[in-house]
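A.B. asks:
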Amino acid sequence: MGAIDVQTDGTGTRFVLTGGVRVRSTGDPASPLLGRFFEGYDRAFVLPDEREELEGFQACLALNRTHRHAFGRTHSEQVAVLEDEAGERLGGVNFLATLIGEARRRGRPSR
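With the first letter of the sequence shown counted as 1, position 49 gets the number 49 in full-length UniProt numbering; the numbers rise by one all the way through.
(1) Name the residue from H67, G91, R22, T8 whose alpha carbon lies nearest to the alpha carbon of F37.
(2) From which residue to which residue does the alpha helix (DSSP H) around D42 run?
(3) Suppose contacts are defined by Cβ-Cβ distances below 8 angstroms. Is Q78 in contact with F95 by that definition?
(4) Among G101, G10, F45, P48, which residue has its Cα nearest to the Cα of P32?
(5) State the CB to CB distance for the pair T98 and H75, rounded to an integer number of angstroms; the pair is presumed to be in contact (CB under 8 angstroms).
(6) By Cβ distance below 7 angstroms, which residues in the same chain neighbour residue 117 in space, the five residues on each side in sequence not counted?
(7) Where does G12 land, buried or exposed, given buried means 16+ other C-beta within 10 angstroms?
(8) For the candidate residues H67, D49, L34, whose alpha-carbon lies nearest to that of V81?
(9) Measure the alpha-carbon distance for G19 versus A86 and round it to whole angstroms.
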């Protein structure tokens, strides 16, 4: 398996997995990708007590602007969308990315 070409710019991060699955992620609450993520989320989580509204995701992603280095670590709340080669949405995920292990011990600066 070859190296994965990860591209990052002001709109987020993109890369393609083996088999052609495209992954796009963002930590920007104003990104159109959040809307694409939420379309799938809204269909998957239908019960009121198991779901978050779009405004909740926007508020969490907005914390990236003010709390990126809170709690003694560098971290970023992210949403990601997975698509096939034709652009059909396969799934999505929201997650907290943080420096761990050697990178954290070295005090690697964030981007």
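Just so you know, even glycine gets a beta-carbon here, dropped at the ideal spot from N, CA and C.
C.D. replies: On the basis of the supplied data:
(1) F37 has its Cα closest to that of G91, out of H67, G91, R22, T8.
(2) Start and end: 32–44.
(3) Between Q78 and F95, the gap from beta carbon to beta carbon is short of 8 angstroms.
(4) By alpha-carbon distance to P32, the top candidate from G101, G10, F45, P48 is G10.
(5) Under the criterion of beta carbons closer than 8 angstroms, T98 and H75 qualify as touching, at roughly 4 angstroms.
(6) With the chain running from 1 to 111 in the structure shown, residue 117 is simply not present.
(7) Burial call: buried.
(8) Out of H67, D49, L34, L34 has the C-alpha closest to the C-alpha of V81.
(9) Answer to the nearest angstrom: the Cα atoms are 12 angstroms apart.
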